[in-house]
Structures are given as structure tokens and as C-alpha cells.
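Colleague: Residue numbers (the working numbering): 1155 to 1486.
Even glycine gets a Cβ: it sits at the ideal position worked out from N, Cα and C.
Below: one structure in C-alpha cells.
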Amino acid sequence: MNMLYCDNCKEDREIVIKKNMLRMFKGVEVNVEEQIAFCIECGNELVDKELEKDNLSKIYKKYRDVCDLISGQEIVEFRQKHGLSQRELTCILDLGKMTINRYENGSLPSKSNSQLLRHVFNNEEVFLAQSKKAYEAGRIKEKTYKKIEANSHGITKYNLMKQVIDSMIIEKPSEYNGFKSFDYDKTECLIGYLSKRVNLTITSVNKYLWYIDFAYFKKYTKSLTGIVYIKEKYGPVVKERMYDSLVVSNRYVETHEEEDGDFRRKSILNLTEIDSACFNEKELEIINLVIDSFKDLRVKDISDLSHKEKAWMETELKEKISYSYAFDLIRF
Ligand SMILES: [Zn+2]
């Protein structure tokens, strides 16, 4: 039987639990049902620690949801993603000593602190900049900062990769992806391989990918990467302009911007050798065929060539280009 000491009766009493609707909390409408203990004899309200804890956590949760405040769990997840201690995160964000510890243990953050945390957690670059500031101000050690820096690049790459995959994966196998589900790993290798063999830029990478996919489709009625291409003014390009994300998330290359007369050229340079098991013989044959055919051409020449393709001429601007046009390719 559940007993509690009653101040009124001056002895332990059986309790009865009643429900109460709490409408407002900290000036916000919460409408949470609380459970409150009463003495069964005199009706005096009694404090049951367990019930109070449950009530409070229900109220906090509702208040958090209504005000869209960050939860302790979100903070824990962010810390774990970056391998940081509570103290390190506190120092980086320049908060009061035990702030992160308290939030993780269920205390309610102020609205402004909650907004700060959300902003930093949702923007890797902001977090990195904040960490740099903390390091320069001597709030965190160099070792901690280096760890954050390395991790942050990894997370940025991972996020971009996810972005590309998400945009491609919603396409069911059809004439627009060459009857193949998008293969991120193969695409990554292909860009890595191209960067080693040709002068690759953000502009030319689209053309190489497109010609390789279409030449491969012409021979095997399947694309190589599963990429969907769109007709843009300047040529066929990866759907939703995902080429930037494809390149920046790529582990085999790095980009380098340089002035080239009036405009900036974004070169894609090889970083590391790709795994040779990435392509089978049939794939390599087509890839090399396209590379050998284009390697002495300027990007402009390749572009002009692509503008003469039926695939290009018969597709409307901003529309997906059907792989069925592969059979009309001029050069392959
Ligand atoms: Zn009583």
C-alpha cells in the first residue's frame, strides 16, 4: 500500500491520487494532466517525490515542444557526433560552467540559449568558427580544436553525400536514370578516376559523366552511375545541380579555384588513387573510350558537341534527358 506522512494527521497515511489539469506554465499554455497525492483521511495535499518528478518532466516536455526548445537528448547527440565532453561544449559556446550538464539532465534552457544551440548545431560551419574562436581565446586546447576541425570536415562531406543520394534515390529505375538506381560509390570513383586522367573542372565533369553514362547505355542499355541529367542552357548537368555536392563530398578529389581571364575556374584535382576494383572491364572500356576521345578537346569543344546531340536538341530546357537518346549519340 502507498503511504505518505501527512502533516495534518501527524502520521503516515494511505494516499489517494487525483488528476489535475495544469493549463499554464511560465506564461505558456501547456494543458498537462498532473497527478497529485492526497491524504485519504483528511484530504491534505501530500508531496509524492516520484509523482512530482513525473509531473515536472511531462510539463517540461510539453513546454519544450510548445516553445520549440532544444532537448537534452539533442545536445547529447550533438556532443557524441563530435566526441566532445560537456565541459568542452560549454567552453566552446562560452556558457555558464554547468549549463550543458544541467540541460542534459532535464533543466529548461532559456529561449535565447536554445536558439543559440540550435543555430550552432544545425550549421557545421558556424560550429567550426565558434570552436576556432574558443581556441584562440584559450577556452579549449589545440588538440580539441584539431579534433573538431577534422570531424567537422567529415560531417560536412557526409551531409553533402546524403544530399546527393536523397535527391537521386527518389527516382525509380526509368529511362531518366538509365534503368539503374543511383550508385554513389561508383560515381565517386568515376570522378576520382577522371580527375587523374583529364583536366577536370566543375563544367567538364558534367559533360564527362553525361557522355560516359550515355555511351555506356548505348552499348548495355543501362547507365553506369544512375545519375539523372537535366538540360541546362550550358549543357546536360547532374540533376538539381548536385555536381558541387558530388565533388565536395568526394574523398578522391579536392577543388581549387583560379582566375582564368574574366571568370573563376573551379578545377577538380586528384587527391588519392581510386580502388582499382571499382570498375569492371566493360565499364573501364567505355570510360577510357570517352576519355581518349575527349582528352585533346577544350571544354568548349565538348560543349559544342553536346549541343549537337539529339538528346540535347529534343529535350526542353530544365527537363530530364531521356537515356533513350543514347542510341543517337554522334561520337560513340
Ligand atoms: Zn491527513
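With three or more C-beta pairs closer than 8 Å as the rule, is the stretch 1279-1289 touching the stretch 1299-1307?
Modeller: yes
Colleague: Under 7 Å from any heavy atom of ligand 1, does the C-beta of N1156 make it?
Modeller: The answer is no for N1156.
Colleague: May I ask you to check if the CB of E1195 is nearer than 7 Å to at least one heavy atom of ligand 1?
Modeller: yes
Colleague: Does Y1159 pass the burial test, meaning 16 or more other C-beta atoms within 10 Å, or should it be called exposed?
Modeller: Flag for Y1159 reads exposed.
Colleague: Using the Cβ count rule (16 or more neighbours within 10 Å means buried), how would you classify T1426?
Modeller: exposed
Colleague: Looking at S1421 and E1412, is the spacing between their C-beta atoms short of 8 Å?
Modeller: yes
Colleague: Nearest CA to the CA of L1205: which residue from N1198, F1192, G1197?
Modeller: Closest option to L1205, Cα to Cα, is F1192.
Colleague: Tell me whether M1467 is buried or exposed, calling it buried when 16 or more other Cβ atoms sit within 10 Å of its Cβ.
Modeller: exposed
Colleague: Could you check which residue in E1470, L1238, L1176 has the C-alpha nearest to that of K1387?
Modeller: E1470
Colleague: Can the beta-carbon of L1282 be found closer than 8 Å to that of I1224?
Modeller: no
Colleague: With distances taken from CA atoms, which of D1339, K1265, K1464 is nearest M1315?
Modeller: D1339
Colleague: Cα separation between T1253 and Q1269?
Modeller: 14 Å
Colleague: At what residue ranges does the stretch 1347-1382 contain a whole run of the alpha helix (DSSP H), taking only runs of 4 or more?
Modeller: 1356-1374
Colleague: From this set, I1319, L1243, S1306, M1396, which residue's C-alpha is nearest K1295's C-alpha?
Modeller: L1243
Colleague: In three-state DSSP terms, what is R1485?
Modeller: coil
Colleague: Excluding the 5 residues flanking F1371 on each side, which residues of the same chain have their C-beta closer than 6 Å to its C-beta?
Modeller: G1332, S1377, Y1477, A1480
Colleague: On a Cα-Cα basis, can you pick out the residue from F1336, K1265, H1307, Q1240 that is closest to E1278?
Modeller: Of the listed residues, the one whose Cα sits closest to E1278 is H1307.
Colleague: Between K1361 and G1389, which are expected to be in contact by the criterion C-beta below 8 Å, what is the C-beta distance as a whole number of angstroms?
Modeller: 6 Å
Colleague: Report buried or exposed for M1178, applying the criterion of at least 16 other Cβ atoms within 10 angstroms of its Cβ.
Modeller: Around the beta-carbon of M1178, fewer than 16 other beta-carbon atoms lie within 10 Å, marking it exposed.
Colleague: Restricting to Cα atoms, I'd like to know which of G1237, K1472, E1195 is closest to R1395.
Modeller: When only C-alpha atoms are compared, the closest one is K1472.
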